[in-house]
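Shown next, in structure tokens, is the structure this report addresses.
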């Protein structure tokens, strides 16, 4: 028996691929945080992307995200001849020191991976190593149709030790370790768990490649499937008697106030956790508006409850006749929820399905515009802002791989002095984001963006 987790990325590639077939791509090499290459498994050509937890914790920076984006683009171009894309994850997440630029780059990769899955390209995630898979990559790990975990690994959004620091309770760190374990993921049918053994991992890959290729659904059917998955996750959570947080009353009329009569809901305003959603008109356009947050307290954020309502509302707009409705997202929630119960019942998968539904809506022709306010971090940015055609941010909005309280826990755990100052987190550092100076100017900025976007989409459709 030879441990798969104990190997570096280069040796893992050699272990899972047919002997003598591995070829590195794009200048990556063993010893890098990310190793990319091509090879064969049982004679079938595959592309591989393997993070190496022994190099910079296997974290993703701008450079690694750019390489992975290139590989996914190749996979999409060759999808008719490519049996599978294999993504190995042994990573602590996005490289904190690189801040918003690294998060934005990896978020764009996640959108591409979601699009790849919707086009029917077969992909498999392998989670292994003492680091497992945490942070924003935890959402990416759930996008492929097949997830494999070695029995010793963990998979979650918030690292187990950070729970203990955030809550000042070491017992929660132990609970979080169990909640994100391979055993829990197997029990919830979120992953196929194998022994931490080279032969066992390769055997599971052979079984996956020998199975029937996935059926390619229309974007509308894919959205409905995502909504059904998250609905089941929400049912699991509610059976545990979990109580979701709600939005403070003073924020209930935020959208109506900001748009001074331009927003007219049609029918009931739906509420779930930190989300308020309604179908209606925004200015001259039919729209689905989603207001997310702000949260009441540290540790609360986007979770299963919120993802369930978002995917359900996106499903509903696919039933609406006439021109495609604009999806307007107002993201005032700082990040994903830091909660052991949510991790246990499938938070990474819930946000992955939310991302997939947003990308499917975009493929279906729905214009998507997101407004950020205050601070938006990690998986919340990845799942809800990254799939948008246009992103606007109020002046001073912060974006970073970790929310402030989790970042403090991270720095405390490492005994490090604060190294990611507020000025290094600003949305202005992401060129694709349009900065809006004040709430007063937001309606006009939204109107301009929606008008220009609709013209662009109409021209592209011709």
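Numbering (this note's numbering), first residue to last: -13 to 448.
Don't be surprised by glycine CBs; every beta carbon is placed ideally from N, CA and C.
Computed from a predicted model, the values in this text were never measured in an experiment.
In the DSSP annotation of this structure, residue 297 is not part of any beta strand (DSSP E); the continuous alpha helix (DSSP H) holding it starts and ends at 290 to 303. Restricting attention to beta strand (DSSP E) runs no shorter than 3 residues, the stretch 51 to 117 encloses them at 70 to 75, 109 to 113, ordered along the chain. Cβ contact annotation for residue 271 (same chain, cutoff 7 Å, sequence separation greater than five): 312, 436, in chain order.
Shown here for residue 45: same chain residues with a beta carbon closer than 7 Å to its own, the five before and five after excluded, namely 19, 77, 78, 79, 80, 81 in chain order.
Here the alpha carbon of residue 83 sits roughly 21 Å from the alpha carbon of residue 369. In this structure residue 27 is not in contact with residue 260, their Cβ atoms being roughly 43 Å apart against a cut-off of 8 Å. Distances from the alpha-carbon of residue 24 to those of 290, 54, 161, 88 put 54 closest. Judged by DSSP secondary structure, residue 256 falls within the beta strand (DSSP E) whose first and last residues are 256 to 258. The continuous alpha helix (DSSP H) containing residue 208 extends over residues 205 to 225. Look at the beta carbons and you see the stretch 91 to 111 touching the stretch 194 to 208: at least three pairs across the two are nearer than 8 Å. In this structure, the CA atom of residue 166 is about 5 Å from the CA atom of residue 141. Here DSSP, grouped into helix, strand and coil, assigns residue 202 to coil.
Around the beta carbon of residue 432, a 10 Å sphere encloses 16 or more other beta carbons of the protein chains shown; the residue is thus reported as buried. Bounds of the beta strand (DSSP E) holding residue 272 are 271 to 278. Nearest Cα to residue 223 within the set 346, 15, 327: 327.
Its Cα nearest to that of residue 347, the residue 299 stands out among 299, 131, 416, 172. By the Cβ rule, the stretch 112 to 120 does not count as touching the stretch 417 to 432, because fewer than three pairs are nearer than 8 Å. Annotation for residue 313: the continuous beta strand (DSSP E) segment containing it runs 312 to 317.
Nearest to residue 130 by C-alpha distance, out of 61, 168, 319, 356, is 61.
Within the same chain, Cβ atoms closer than 6 Å to the Cβ of residue 304 are found at 206, 209, the five residues on either side in sequence being excluded. The three-state secondary structure of residue -12, taken from DSSP, is coil.
Three or more Cβ pairs closer than 8 Å define a contact, and the stretch 328 to 341 falls short of that threshold against the stretch 374 to 389. With distances taken between CA atoms, residue 96 lies nearest to 123 out of 85, 220, -4, 123. Taking a 10 Å sphere around the C-beta of residue 391, we find 16 or more other C-beta atoms and assign the residue as buried. In this structure, the alpha-carbon of residue 323 lies about 16 Å from that of residue 396.
Residue -9 is classed as buried because its beta carbon has at least 16 other beta carbons within 10 Å across all chains shown. Residue 213 counts as buried, since no fewer than 16 other beta carbons sit within 10 angstroms of its beta carbon.
Nearest to residue 440 by C-alpha distance, out of 355, 177, 182, is 355. If only complete runs of 3 or more residues are kept, the stretch 412 to 441 shows the beta strand (DSSP E) at 419 to 422, in order along the chain. Taking the Cα of residue 428 as reference, the smallest distance to any Cα among 164, 48, 358 is reached at 358.
Taking each of 108, 37, 48 in turn and checking the Cα distance to residue 68, the smallest one comes out for 108.
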